[in-house]
Structure formats: C-alpha cells, structure tokens
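Residue numbers (numbering that gives the first Met the number 0), protein chains in the order written: chain G, 0 to 331; chain V, 0 to 331; chain C, 0 to 331; chain W, 0 to 331.
Beta carbons are placed, not taken as given, at the ideal position from N, Cα and C, and that holds for glycine.
Here the structure comes first, spelled out in structure tokens, and everything after it is commentary.
4 protein chains.
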Amino acid sequence: MFGLLSQLAHLELLSPKPDETVRFFEEVIGLSQTASEGQSVHLRAWGDPFHHSLTVTEAPYSGIAHIGWRAAGAEQLQTVVQRIEATGRGEGWQEPVLGHGPAYRYRSPGGHLHEVLWEVERYVAPAELRSTFPSRPQRFAPVGAAARQLDHVTIATGAMNDDIAFYRDVHGARFMECTVMTPDAPEPFFAELTNNEQAHDLALIADAAGHPGRTHHLAFWLDQPSEVVRAADVIIESGTPIEFGPGKHGHGENTYLYMREPGGHRVELFSGGYRNYQPDWEPVRWVAGEGGIDMFRNWPAPDSLLEVFPSEDATAQIVDTEKNPWSIVGVS
Amino acid sequence: MFGLLSQLAHLELLSPKPDETVRFFEEVIGLSQTASEGQSVHLRAWGDPFHHSLTVTEAPYSGIAHIGWRAAGAEQLQTVVQRIEATGRGEGWQEPVLGHGPAYRYRSPGGHLHEVLWEVERYVAPAELRSTFPSRPQRFAPVGAAARQLDHVTIATGAMNDDIAFYRDVHGARFMECTVMTPDAPEPFFAELTNNEQAHDLALIADAAGHPGRTHHLAFWLDQPSEVVRAADVIIESGTPIEFGPGKHGHGENTYLYMREPGGHRVELFSGGYRNYQPDWEPVRWVAGEGGIDMFRNWPAPDSLLEVFPSEDATAQIVDTEKNPWSIVGVS
Amino acid sequence: MFGLLSQLAHLELLSPKPDETVRFFEEVIGLSQTASEGQSVHLRAWGDPFHHSLTVTEAPYSGIAHIGWRAAGAEQLQTVVQRIEATGRGEGWQEPVLGHGPAYRYRSPGGHLHEVLWEVERYVAPAELRSTFPSRPQRFAPVGAAARQLDHVTIATGAMNDDIAFYRDVHGARFMECTVMTPDAPEPFFAELTNNEQAHDLALIADAAGHPGRTHHLAFWLDQPSEVVRAADVIIESGTPIEFGPGKHGHGENTYLYMREPGGHRVELFSGGYRNYQPDWEPVRWVAGEGGIDMFRNWPAPDSLLEVFPSEDATAQIVDTEKNPWSIVGVS
Amino acid sequence: MFGLLSQLAHLELLSPKPDETVRFFEEVIGLSQTASEGQSVHLRAWGDPFHHSLTVTEAPYSGIAHIGWRAAGAEQLQTVVQRIEATGRGEGWQEPVLGHGPAYRYRSPGGHLHEVLWEVERYVAPAELRSTFPSRPQRFAPVGAAARQLDHVTIATGAMNDDIAFYRDVHGARFMECTVMTPDAPEPFFAELTNNEQAHDLALIADAAGHPGRTHHLAFWLDQPSEVVRAADVIIESGTPIEFGPGKHGHGENTYLYMREPGGHRVELFSGGYRNYQPDWEPVRWVAGEGGIDMFRNWPAPDSLLEVFPSEDATAQIVDTEKNPWSIVGVS
C-alpha cells in the first residue's frame with residue numbers, strides 16, 4: 000500500500016482440461032468469459048475492474064504461467080522496472096495485448112514469471128449487465144459462489160529469503176507474517192507479503208525440491224466471511240470435494256476455503272481479515288502449530304495441501320509429509 | 000406446533016403476466032419448475048420437500064387463489080375437517096391432483112379459500128440434482144436469492160377477530176403477536192398465528208374495505224438473516240425495486256425484505272426470528288409505532304405497503320393512508 | 000413437534016470445579032445467574048423463557064445429573080406419565096421446586112435420569128433488563144458468545160435401539176437421522192431425535208462400555224451460523240481451546256462448535272439447520288465417513304470427541320478410537 | 000493508498016456529558032480506556048494499534064476538536080508539512096504528547112483543525128489481555144457492539160470544492176465518490192476521499208450555513224456487515240435510539256448504522272464495502288435520490304441526519320430540510 004504496485008491484476012492458469020476448468024470457474028466460482036484467443040480463455044469475476052483477471056490456457060500440466068501486477072502509476076512503473084533491471088532479472092518489454100498495455104516481464108529468485116504494467120483496459124458492461132451501483136464494473140452476478148474479484152496468489156519457492164527480499168525491495172511490498180518450522184529456523188516455511196491493506200496479495204511456501212516457478216493456489220475474494228461458509232455448501236453440492244476449510248487463518252485473520260479445479264490446480268475462496276495500515280509493520284513470526292494455517296487449532300490440514308504445481312513428479316513434494324507443518328494442532 | 004396442521008404446503012398465485020412472474024421466481028428468487036398444467040406452472044424452492052410449493056396461474060388480476068395446508072397426520076386431517084364442517088364453512092373434498100391426495104376445501108371468515116390434505120407427493124430429484132445431504136430433496140441451487148422453502152402467507156381480512164378465532168380454534172394455530180392502532184382498540188390491525196416454532200406461518204392485516212379474500216404477500220425462507228441482506232443486492236441488481244427492507248420485524252424478530260413480482264403481487268424474503276415452544280404463549284400486543292413492523296424504528300414504511308390484492312379498485316385501500324400504522328417511527 | 004413434549008426445559012450439570020464452571024458460562028458463554036441453592040447455581044441465557052435452563056451442581060466428577068422436559072400441556076403430561084409408568088421406568092412425582100411445579104422422574108433404558116413437568120415459573124426481568132422486544136424475557140445481553148437459549152443434550156447409551164424406541168414411543172419424539180458404522184449395522188452409532196422442527200433436541204451416541212447414564216455434551220443456540228463463527232473467536236481469545244469446529248454437521252445441517260467447560264464437560268454452541276415439519280419423516284441413515292459429523296469432509300474429528308462423562312475410568316471410552324467413526328474423511 | 004498519509008490515527012471528541020459519553024463508548028460500542036489527562040479520557044477499540052484512537056474531552060458543546068492523521072513515513076511527513084505550509088494553512092509543530100510524537104497542526108479550508116504525525120506509541124496489552132493472534136494489539140473484547148477500530152470521520156464544510164482539492168492535493172487522498180443535488184450542480188452536497196482501499200476515511204457534507212469546522216459523525220469498523228446488523232440489536236437494547244440504519248450505502252457499498260452518543264454527537268458503526276486499488280479512479284458522481292446514502296432506496300433518511308456539530312444554533316442547519324437530499328427515495 001506504500002510501495003510501487005497498486006494491485007495483482009491477472010493470472011494465467013495452465014490446465015490440461017481447459018474446457019472443464021473454464022466451466023468450473025463459470026458455474027461454481029461464478030466468473031464469466033470476456034474473450035478467447037487461441038488456446039486461452041479470458042475470465043473475470045463480477046467485481047474485477049479490468050478486462051480479465053484470469054486466463055485459462057491449455058497445457059499438458061497444471062501451473063500458473065505468469066503473474067500480472069499493475070504499478071501504482073506510470074512513474075512507479077518506470078521505477079520498478081529500473082529496480083528489476085538492476086537485479087539482472089528482467090526479460091524485457093512485451094507489446095500491448097488484449098486487456099492491457101506494454102508489460103515488463105521478469106523472473107523472481109524463485110523462478111516465477113511476472114509482468115508489471117500500468118495501462119489497462121477497463122471492463123465496460125453491456126447495457127443489460129450494468130449495475131445500479133455506478134462504482135461496479137457490472138451488476139452482481141449471483142451464480143454459484145459468486146466470487147467478487149481476484150485476491151492473491153501463493154507460490155512455491157526454493158529461494159525463500161531471496162524471494163522475500165525481492166518482493167519487499169523491488170516491488171516495495173510489505174512483509175507481514177510468516178511461519179517458521181522451529182523458533183530458530185533460518186528461513187520461513189511460509190511467508191506473506193502485501194501491496195495492500197490485507198496480510199497478503201502474494202504468499203510464498205518453501206519448495207524443498209527446489210523446482211523453479213511452482214505454484215500453490217490462486218484466490219478469489221468474497222464480500223464477507225459468511226459468504227465463504229455459504230460457498231462451502233455451493234462447492235460440495237457441485238460435486239467438488241473441499242480440500243481444506245472453511246476456517247480462519249491465523250495469518251491475516253482471513254477466512255479460507257480450498258478446493259481443486261478440474262485441471263488439478265488449487266483454488267481458494269477467501270474473505271475477511273484485518274485491515275493494516277502500518278508502513279513500519281514488523282513481520283509477525285509464527286511457529287508451526289501455533290495457528291498460522293488455522294486459528295481454531297483443532298483440525299490438521301491434509302498432506303495434500305502441500306502439493307504444488309506442476310506436480311507430475313510424485314517425489315517432488317515440497318516437504319516431507321511426516322513433517323507437514325500444517326498438520327500440527329492443539330498448541331494452546 | 001401443537002395443533003392439527005403440520006405446515007403450509009403450497010399457494011396458488013394469480014398473475015396477469017404469468018410468464019414474467021414465473022421467470023422472476025426462477026431467475027431472481029431461485030425456484031425451479033416441476034410441471035405445468037393448462038394455465039398453471041408449478042414451482043418449488045430447492046429445499047421444498049413436496050412436488051410444488053407455488054403454482055402460478057394466469058388470471059386478469061393479482062391475488063392468491065388458494066392456500067394449501069398439510070395436516071399433522073391422517074387422524075388430524077379428519078379432526079380438522081370435522082371442525083370446519085361444524086362451522087358451516089366447508090366446501091367439500093377435492094379429487095387428488097398433481098402433487099397431493101384428496102384435499103378438503105373451505106373458506107375462512109375473511110373469505111379466503113383454503114384446502115387441507117395429508118397425502119403428498121414428495122419431490123424426487125433426478126440423479127444430477129441429488130444432494131450430498133441425504134436429508135435435502137435436491138442439491139442447493141445457488142441461483143439469484145436462492146430461497147430455500149416456502150415460509151408463510153399474509154392475507155387481508157375484514158373479519159379480523161373472527162379469523163383469529165377460526166385459525167386458532169379450527170386449525171389449532173397459536174396466536175402469537177399482534178399490533179393494535181391504539182391501546183384500547185377492539186381488534187388488531189395486524190396479527191400473527193403459527194403452526195410451527197416461529198411467530199407465524201399465517202398473518203392477517205385488517206382490510207378496512209372489507210373485500211373478501213384479498214392478500215398481502217407470500218414469503219420464502221432463506222437460511223440466515225445475512226442471506227436476506229445478500230438477497231437485497233440480488234433484487235436491486237435484477238432491476239426489481241425493493242418495496243421495504245431489509246430490516247428486522249419486532250414481530251417474531253424476523254429479518255424481512257419486500258418486493259413486487261412482475262404480476263404485481265408482493266413477495267417477501269425472510270429469515271431469522273425466535274424459536275418459541277410455549278403452548279401456553281400469551282399473544283404479544285404491540286401498539287402501532289412500537290416497532291412491530293420494523294424494530295429499528297427509524298424509517299417509515301411506504302404507503303404502498305398497505306396495498307392488498309386484487310387491488311384494481313384504487314379506492315379500496317385497506318386503511319386510510321393518513322393513518323398508515325407502519326409509517327410511525329421514533330417511538331422509544 | 001407432534002408429540003407429547005414441548006421442549007427441553009433444563010439440565011443439571013455436575014462439576015468438580017463449580018465456581019470456574021459458573022464463571023465460564025457467565026463470562027464466555029454469556030449466561031447469567033438467577034439463583035443459588037446449597038451446592039447449586041441456577042443460570043439462564045438471555046432468551047431462555049423460564050427461571051433457569053442450566054443448574055451447575057458441585058460434584059466429584061463431570062456429568063449431567065438430570066434432564067428436564069416440559070410437556071406440551073397438562074393433558075399431555077398425564078399421557079406421557081402414563082406411558083412411562085407402563086414401561087416400569089417411573090420413579091415418581093417430585094414436589095415443586097424453585098423454577099417449576101411438580102415433575103415426574105424416570106430413567107430411560109440407557110440409564111439417564113429425566114423429569115417431565117408442565118407448570119413453569121417464567122423469568123421476569125427487572126426494569127433495567129427489560130427488552131424493547133416485548134416477546135423477549137429480557138434484553139439481549141451482548142457478553143462473550145452471548146448464547147440465546149438452551150438447545151439440546153447429547154447422551155451416551157449402551158441401549159441404543161431401546162433408547163430410540165423409548166424416546167420415539169414414550170416421549171413421542173421424531174427419529175430424524177442416524178449414523179451407522181457400516182451399511183448393515185444392527186444399530187446406529189449415533190442418532191438424533193426431536194420434539195421440534197430441527198433435527199434434534201436429544202442425541203444418542205453408542206457407549207460401548209455400557210455404563211449407564213453417561214453424557215456427551217449440552218448445547219446452546221445462537222441466532223445464526225455467522226454468530227457461531229464469531230463465537231469461535233470469543234472462545235479462543237478467552238483461553239479456552241476449541242475441541243472441534245466451527246463446522247457444519249451433515250445431520251440437521253447445523254453449525255457447531257465444541258469446547259470443554261472448566262469442570263471438563265463438553266459444551267456446544269450451535270445454530271442454523273433445516274426446519275422440518277414432516278410428521279411422517281423417514282429417518283436419514285448415514286454411514287460413518289459420509290459427513291454426518293462434518294459435511295465439509297476434510298478434517299477428522301479428534302479422538303477426544305468420543306469421551307463421555309463421567310469419564311474417570313480411562314478405559315471406559317465409548318468406542319475403540321482406532322475406529323473413531325468421526326475421523327473418517329474424504330468420502331465423496 | 001497511494002498518497003502521503005497512512006491512516007486516520009485519532010479523533011478528539013468534545014462532549015458536554017463526558018462521563019456518559021465515555022461510558023457509552025465503553026459499554027455499548029465496546030472501547031476501553033487507556034488513560035485520562037485533565038478533562039480528557041483516552042480510549043481505543045480492541046483492534047486499534049496505537050495508544051488511543053478517541054479522546055473524549057469535556058466541553059460546553061458537541062464537536063470534534065481535532066483530527067489526527069498518521070503520515071506514510073517520516074519522509075512523507077516532511078512532504079505533507081511542506082505542502083501544508085505552501086497553502087498558508089499551517090499552525091506549527093506541537094510537542095510530543097501521550098500517545099504520539101511531534102505533530103504538525105493546520106486548518107483545512109472548511110476550518111477543521113488537523114494534525115499529522117509519524118511517531119506513534121503502540122498499545123501493548125498487559126499479559127491477561129494478550130491475544131492468541133500475535134498480530135492483534137490485544138485480544139478480542141466481546142462487549143456490546145465490540146467495534147474493532149476507528150474507521151473514518153465525516154465533517155461539514157462551507158468550502159466544499161476547496162476542501163476536496165486540499166485533501167486531494169495536500170494529503171494526496173483519492174477523491175472517490177460524491178453526491179450532487181442536481182446533475183449540473185457546481186459542487187457536491189457530499190463527497191468521499193480516501194487514503195486507503197475503501198471509499199473514504201474522510202467525508203465532506205455541505206454546510207450551507209458556512210460555519211467553520213463543524214462535524215457530522217465519527218465511525219468505527221466492525222469485521223463484517225452481519226456484525227453491524229447484530230450491533231443494531233445491541234444499540235436498541237441499550238436504550239439508544241437508532242438514528243438511521245442498518246442499511247447499505249451506495250457510496251462505497253458500506254453497511255452503516257447511525258446513532259447519537261449521550262453528548263449528542265453522531266456515531267456510526269460501519270463495515271463491508273468495496274476494496275478499490277485504482278490510483279487513477281475517476282470519482283463516481285451520484286445525483287440525490289439515486290442511492291448514495293442508501294442503496295435499498297425505500298426509506299427516507301430523517302431530517303435529523305442533516306444536523307451537524309456544534310449545533311446550538313437551531314437555525315444553522317446545513318441545508319433546508321425541505322430539500323433533504325437523503326429523504327428522496329424510489330428512484331429506480
């Protein structure tokens with residue numbers, strides 16, 4: 000909120016079952032299509048302001064192909080590009096595409112492909128979809144979980160401390176919270192950074208296998224925690240198993256609900272949480288078992304929650320599941 | 000809950016615009032069709048257990064053609080029919096129809112046509128609509144307001160005290176609450192009676208014009224008050240004005256939201272409220288302005304809320320709107 | 000709702016730490032004291048209509064000393080007493096006590112001590128606690144979880160099928176739902192019976208050890224599911240660990256939250272759920288793992304959830320915890 | 000969110016009945032005292048991070064004596080002070096006081112006294128009030144409405160356009176939404192500006208009388224809209240009339256609830272609303288009656304809602320109440 004980026008703008012999700020993935024986001028999560036191009040379909044939630052927030056692209060495996068950030072202004076875009084170039088991680092400017100203007104691409108220490116841009120195409124609703132609220136890009140679309148907008152992305156990294164430093168120093172994000180396996184661990188198992196008032200719009204989970212660029216989940220926002228609980232009913236009744244939730248993270252006090260889309264990637268529905276406006280916030284440090292993953296502390300997260308994508312190599316789990324840090328409960 | 004009837008089973012709504020009325024109940028309220036016959040379409044909410052809870056029938060005006068009650072058992076059906084016949088208000092047995100077995104028809108003192116029955120056809124969902132909850136007649140249908148089940152009906156009567164006595168003594172309903180215009184009024188302006196744990200499944204509003212059989216609204220239930228507030232957003236975004244609400248009745252502590260369906264009849268979305276299990280409950284008596292209609296007491300109900308159906312005669316308003324008892328606020 | 004009893008009226012809880020137990024119910028659950036007598040303290044929630052709903056009595060161990068039911072009327076009281084006497088399980092009439100008139104005591108097949116009564120003393124609030132809602136026994140007391148009223152009790156039985164038959168045939172309760180360990184099990188592991196519109200005001204859990212009269216938990220009602228989630232925050236911040244929840248039972252669709260009071264007994268906060276008015280309801284039969292205990296099916300209940308009271312004999316667990324039927328998850 | 004200020008830090012409320020005002024904030028709103036000095040008492044909500052967010056000071060009339068902002072950093076503090084000084088509105092640096100370091104004071108065009116500071120004293124809870132959430136300054140305090148943190152302040156101005164320009168250009172706030180009386184009005188009747196992701200942390204209402212420095216209300220935040228509805232019950236049961244609400248503003252989509260504290264000043268409880276991260280947001284312009292004040296559009300706001308403070312001069316109403324722009328409803 001005090002840095003160079005204004006918000007997470009879009010994600011590109013790879014799916015081996017793109018038709019089913021798109022249908023899931025439409026019918027269960029409640030997004031709608033805005034365009035399709037080649038092997039890609041562009042979608043947005045009813046409250047997303049721009050042309051699209053999610054692109055589903057056909058691929059032989061699950062994963063997130065790139066992460067798009069919007070700068071806090073044209074000037075901030077130049078500043079952040081300069082900082083990226085100074086790290087040697089820049090991959091150069093892209094031509095404008097459907098939905099936004101020129102974007103600068105780069106890879107973070109953990110190997111994830113990002114782009115940053117300023118110029119955006121705003122979604123303009125056709126007359127029949129215009130909202131009674133002039134501030135809404137379109138009317139409320141009460142279908143399925145009826146997610147409002149893209150919220151955050153969680154990625155796996157083999158370079159935890161370098162990534163934290165990169166997002167903090169290059170993006171200008173605030174480092175808000177983390178979980179360590181033991182009190183004196185040299186690096187977190189999990190970390191949250193933010194460009195906004197919440198605990199994160201980007202989270203990092205340790206990838207013990209060290210594969211570059213793997214991802215954990217993408218999350219959409221609902222207007223209040225009680226809607227996430229309602230969405231849990233939508234999810235199970237759609238025939239989609241819930242992977243974990245609904246519950247309340249200690250991190251950020253957010254209400255969460257995890258599931259898998261048909262292509263296999265993890266999706267979260269998300270709401271609530273604190274509003275933190277302190278530029279000089281000192282990161283909160285949790286030890287595994289204290290409730291970072293679930294503050295109610297009475298149910299262990301399944302080992303499946305450690306799976307990251309692409310995950311075709313079954314031995315490439317991010318941590319030894321005998322040490323699943325999210326399965327520790329009962330610490331008072 | 001301690002009488003002869005188990006529940007309000009179905010209503011037949013007359014509409015001069017039946018196609019639009021049906022579409023409204025499907026797309027905005029979230030019901031689905033189960034059958035159509037002649038000029039009638041049968042609908043039910045996802046949680047309604049029987050073949051249908053609402054029949055929309057084409058007619059030149061708005062109104063409710065009949066009200067269907069289910070007895071508390073085969074024996075109670077016989078008892079209630081005997082009591083009706085003893086009042087001379089019986090109109091005889093009807094042949095079984097689509098959705099239920101033999102029904103006995105009768106007119107209440109206020110001129111409304113009712114029927115009471117025991118045998119019902121339960122809705123059985125096709126495989127693709129079966130719920131993960133074996134107790135649900137079908138899976139949760141998250142469309143529009145996604146109403147769960149029929150809740151109650153409110154009718155206008157020129158025979159208030161006789162009607163209260165009839166429903167209490169013949170149906171065995173509990174008389175729970177009422178509003179009087181002045182502390183010493185000989186009869187209520189508004190009264191609530193119930194066959195269940197809530198304050199009402201049937202309400203009566205005084206019809207000063209004395210037309211027989213007119214009606215005020217029908218109501219569907221949502222799972223919790225926060226869903227009624229969510230539904231308010233659905234309603235305005237559908238292009239349907241809200242007539243009154245969302246707010247909290249003093250009567251029954253229920254959360255309410257009133258609107259009109261395209262044929263003109265009033266519809267309520269409804270949730271929350273006390274659970275009252277006292278067979279010897281003494282009716283609560285409110286004076287107009289104390290909050291029976293809205294417990295937050297800071298907004299007057301519009302005069303339109305006094306309109307009853309059919310209302311083709313513009314002079315046939317139920318009360319002089321200069322005395323709109325629901326427009327009195329600010330009593331502390 | 001169609002039987003001889005109107006409601007669960009009160010419970011007597013035994014506690015080896017009565018002062019701490021009372022303080023927990025006052026400060027965390029939000030009850031208030033109405034009187035104390037000898038080793039007993041009487042409490043009620045703000046919405047409880049009668050003199051008290053919970054009596055805490057000092058004892059060397061945890062348990063529920065007796066369960067008080069209110070009949071559906073004076074005549075129904077006579078009928079239920081006759082039925083009890085016909086079973087040979089009656090223990091006779093008690094003199095009136097503080098809070099209610101004559102009560103007839105009896106033991107169910109599982110060995111639990113009950114009493115049934117009709118005459119009650121209603122709570123009358125002092126002027127400063129009177130509510131703006133004339134239907135409320137006192138004003139809303141927004142302290143801690145702010146539970147509204149006593150809801151149900153769950154007891155352990157070594158005579159499952161006999162108990163189901165007793166409550167169904169003698170009390171006139173509806174048998175609504177059950178969980179069996181295997182599809183062809185001769186008796187349920189868990190069963191819910193009700194005198195009202197919800198799935199239960201009395202539940203039974205199999206006591207493999209066969210000790211008579213043991214108990215599992217008592218539950219208080221909150222106005223809507225979102226308040227149970229709010230209460231979870233109250234509970235953890237009070238320093239009380241959550242034993243299980245907040246989640247949603249498949250049984251009854253109720254939102255639950257379990258914890259232990261300082262004397263060791265399990266307490267539930269509870270809301271939501273279906274409203275079922277079918278006198279001819281066929282009991283729903285779940286198999287362990289299908290979601291009866293938690294419909295979101297992604298977290299195993301802890302083995303501690305099988306503990307019943309008194310539980311001083313550590314070998315007297317109700318079932319072999321290797322077969323904890325509530326720890327099975329992931330059935331789709 | 001992209002300007003020079005990080006947040007609204009504190010307000011000083013004047014009250015002719017300071018003891019009752021303090022007691023109201025403690026018992027009904029749920030704040031707690033942190034210190035008292037002379038004629039002032041310092042309070043904070045359980046989630047407020049700093050020493051205090053509200054100071055109640057004895058005075059012969061109601062009003063807000065000063066508004067305290069925290070800069071986005073030490074450097075931003077210098078920048079904002081330079082900008083203020085360039086306008087000639089500066090009043091100079093204040094010595095550090097209890098709760099924060101040096102503050103620079105100034106008057107906005109509308110005559111309100113502000114201060115801006117960077118160094119703050121964070122609240123540190125005593126051991127018995129420490130939260131299980133390490134990110135919370137203290138544990139959740141479930142008393143009364145249990146407000147979480149200070150949210151915003153709404154002030155009356157006779158210099159609307161100058162004030163909008165001042166807060167936008169000097170503070171760096173975003174101008175998000177406004178209501179105009181007619182489509183071609185030269186200045187808004189009401190305007191919202193923000194330093195964060197919501198529609199406002201500062202709102203302006205036109206003061207037709209042109210008195211400098213008058214105020215309309217101060218607002219505290221609750222975690223979700225359903226808690227504002229719950230708070231409405233707390234408020235009426237405390238004997239405090241509700242002035243307006245609970246409802247949903249069109250502006251910002253926020254859920255609101257207005258009442259008066261015992262000293263007479265207006266207080267709002269507030270939650271929900273959009274999260275807007277667009278630095279180049281174009282202000283939304285509503286016309287009176289379109290729903291800016293209440294999006295459900297079925298109840299007129301009372302004329303009392305136009306009262307501003309100090310209001311000892313009864314003729315000094317901000318607008319002619321025959322034109323109460325918030326009493327227009329029914330626009331579809």
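Contact set between residue i and chain C, taken where Cβ atoms lie within less than 9 angstroms
i        : result
Phe-1(V) : Met-0, Phe-1, Ser-5, Ala-71, Gly-72 and Gln-75
Nearest residue (CA-CA) to residue i, options the options
i          : options                                          : result
Arg-274(W) : Ser-35(G), Arg-135(G) and His-215(G)             : Arg-135(G)
Asp-232(V) : Glu-267(W), Asp-293(W), Leu-30(W) and Ala-64(W)  : Asp-293(W)
Asp-18(C)  : Gln-6(C), Ala-190(C), Val-27(C) and Glu-57(C)    : Glu-57(C)
Ala-71(V)  : Pro-299(V), Gly-2(V) and Ala-126(V)              : Gly-2(V)
Thr-193(G) : Pro-187(G), Glu-186(G) and Leu-201(G)            : Leu-201(G)
Gly-290(G) : Gly-62(G), Arg-259(G), Val-40(G) and Gly-246(G)  : Gly-246(G)
Glu-252(W) : Glu-196(W), Gly-62(W), Trp-45(W) and Pro-141(W)  : Glu-196(W)
Thr-131(V) : Gly-263(C), Arg-104(C) and Gly-249(C)            : Gly-249(C)
Ala-158(G) : Thr-214(G), Gly-109(G) and Arg-121(G)            : Gly-109(G)
Pro-240(V) : Ser-14(V), Phe-165(V), Pro-95(V) and Glu-267(V)  : Glu-267(V)
Gln-223(W) : Ser-270(G), Gly-244(G), Leu-76(G) and Tyr-105(G) : Ser-270(G)
Ile-235(V) : Arg-129(G), Ala-190(G) and Arg-213(G)            : Arg-129(G)
Strand pairing of residue i, partner residues [DSSP]
i          : result
Arg-104(C) : Gly-91(C) and Glu-114(C)
Asn-253(C) : Gly-271(C)
Lys-247(C) : Thr-254(C)
Arg-259(W) : Arg-265(W)
Gly-67(V)  : His-9(V) and Glu-114(V)
Ser-14(C)  : Glu-57(C)
Exposure label - residue i; buried when at least 16 CB within 10 Å
i          : result
Thr-181(W) : exposed
Val-123(C) : exposed
Gln-38(W)  : exposed
Pro-324(C) : buried
Asp-47(G)  : buried
Trp-92(V)  : exposed
Arg-296(V) : buried
Ala-73(V)  : exposed
Gly-238(W) : exposed
Ala-313(C) : Per-residue confidence for Ala-313(C) stands at a pLDDT of 40, beneath the threshold of 50, marking its modelled position as unreliable; no derived number is given.
Ser-5(V)   : buried
Pro-301(V) : buried
Glu-242(V) : buried
Glu-127(C) : exposed
Arg-43(W)  : buried
Amino acids of chain W, ordered along the chain, whose beta-carbon sits closer than 9 angstroms to that of residue i
i          : result
Phe-132(G) : Gly-249, Glu-252, Tyr-273, Val-283, Gly-290 and Met-294
Chain W contact residues for residue i, given Cβ-Cβ distances below 7 angstroms
i          : result
Glu-167(C) : What sits at residue 167(C) in the sequence shown is Arg, not Glu. Under the 7 angstroms cutoff, chain W gives no residues; its nearest Cβ is about 37 angstroms from Arg-167(C).
Phe-139(C) : Asp-232, Val-233 and Glu-236
Partners in chain V for residue i, counting only beta-carbon separations shorter than 7 angstroms
i          : result
Tyr-105(C) : In chain order: nothing, as chain V lies at least about 21 angstroms away.
Distance cut-off 6 angstroms: residue i Cβ against heavy atoms of the ligand NAD
i          : result
Gly-263(W) : Because no ligand of any kind appears in the structure shown, any question about the ligand NAD cannot be addressed here.
Interface residues of chain W facing residue i [CB-CB closer than 8 angstroms]
i          : result
Pro-278(G) : Ser-5, Ala-71 and Gly-72
Practice task
Could you list the residues in the stretch 3 to 31 of chain G with a C-beta less than 7 angstroms from some C-beta on chain W, going in chain order?
Solution key: Ser-5 and Gln-6
Exercise for the section: Compile a chain-ordered list of the residues in the stretch 159 to 188 of chain C whose CB is closer than 7 angstroms to at least one CB of chain V. Expected result: Glu-176
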